[in-house]
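*Asks:*
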Amino acid sequence: MRSILAVIFVFFFLVFNLPVMFVLWIVGKFNRKKADLAELAIVNWAFRCVMFISGVKLKVKGRENIPDDEPVLYVGNHRSFFDVICTYPQVKGRTGYIAKDGINKVPILGMVMKRLYCLFIHRDDMKQSLKVILTAIDYVKDGISIAIFPEGTRCHDTDPCAMLPFKEGSFKIALKSGCKIIPMAITGAGDILENHMPWIKKGVVTITYGTPIDPKQLDKEQQKQIGSYVRDVVHAMLIEAYNEI
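Here the sequence shown is numbered in full-length UniProt numbering, starting from 1 and rising by one per residue.
Below is the structure:
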């Protein structure tokens, strides 16, 4: 029942959000940032509704580690579609997620995500992937945060603390823009949907935000292997989070 209700809600939200997007598009001609923040608030409300319908009890730790007045690169482990649904309402300011190209082909959803500065990457197309990274760097320089799941796909390992290797290329966003990296450890999201697809089951999702990582403060060797460095940080946070359950 939760799965059906969630799908129905998302469908009607996307449909009824179209005229709202048109109005905000007009507003954006005069004040783009104001229109962006309004759309952000609307989508955050929708994600909270999806969490409520799905029976997600959300616990957030360390949100004070996210700067209030500067763009950042959010970096997290990836287990579920609910990773985005649960983390997006926690962002501070305009934020775009980098997602797989297939999502861009979903009617209306792709349009909404683009409006929120989301970027779509084709993992098998190096030229297109580089273009996405360069666009993300420009976004950060314009004050827009970016969120990535550098594993590149969802990890399905039965060990809840297991993670796939991080792809180094996406960390050029932080290295080239100079923004700080906010490590995110997400636990419990896979128990909501992925562990028993297609049925949604209620559960607890915990998001832990770690201490900001400033790439400029890392030595040259750490900068060369920054993906592995950040992965180790997130992995340690995951283990600690599960030990507290």
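Glycine included, C-beta positions come from ideal geometry on N, C-alpha and C.
Please read all numbers here as calculations on a predicted model, not as lab measurements.
Nearest to residue 11 by alpha carbon, out of 133, 112, 84 and 38?
*Replies:* Comparing Cα positions, the closest option is 112.
*Asks:* Quick check: residue 247 and residue 187, are their CB atoms within less than 8 Å of each other?
*Replies:* The requested residue 247 is not part of the displayed model; the chain covers only 1 to 245.
*Asks:* With the cut-off set at 8 Å, would you say residue 33 and residue 27 are in Cβ contact?
*Replies:* Contact: no.
*Asks:* For a test of the three-state rule: what should DSSP assign to residue 80, helix, strand or coil?
*Replies:* Note: residue 80 maps to coil in three-state DSSP.
*Asks:* Please report the distance separating the alpha-carbon of residue 172 from that of residue 222.
*Replies:* One C-alpha to the other measures close to 13 Å.
*Asks:* Below 8 Å between beta carbons: does that hold for residue 213 and residue 183?
*Replies:* In this structure, residue 183 lies closer than 8 Å to residue 213 by Cβ.
*Asks:* Using a Cβ-Cβ cut-off of 6 Å (strictly less than) and excluding sequence neighbours within five positions of residue 191, which residues of its own chain qualify?
*Replies:* So the list reads 203, once near-sequence residues are dropped.
*Asks:* Quick test of your reading: residue 207 and residue 86, contact by CB under 8 Å. State the CB separation rounded to the nearest angstrom.
*Replies:* Right, their Cβ atoms sit about 6 Å apart.
*Asks:* Opposite residue 119 in the DSSP bridges: which residues?
*Replies:* Answer by DSSP bridge pairing, in chain order: 98.
*Asks:* Which whole-angstrom value describes the C-beta separation of residue 115 and residue 51, a residue pair presumed to lie in contact below a C-beta threshold of 8 Å?
*Replies:* Between residue 51 and residue 115 the Cβ distance is about 21 Å, and since that is not below 8 Å, they are no contact.
*Asks:* Is the separation between the beta-carbon of residue 144 and that of residue 117 shorter than 8 Å?
*Replies:* Closer than 8 Å, so yes.
*Asks:* With three or more beta-carbon pairs closer than 8 Å as the criterion, would you say the segment 38 to 53 touches the segment 156 to 163?
*Replies:* No contact exists between the segment 38 to 53 and the segment 156 to 163.
*Asks:* Apart from the five residues on each side of it in sequence, which residues of its chain come closer than 6 Å, Cβ to Cβ, to residue 185?
*Replies:* Result list for residue 185: 208, 234, 237, 238 and 241, in chain order.
*Asks:* Please classify residue 203: does DSSP put it in a helix, a strand, or coil?
*Replies:* Looking at residue 203 - three-state DSSP - the assignment turns out to be strand.
*Asks:* Identify, in the order they occur along the chain, each residue of the same chain with its Cβ nearer than 7 Å to the Cβ of residue 211, setting aside the five sequence neighbours on each side.
*Replies:* Answer for residue 211: 65, listed in chain order.
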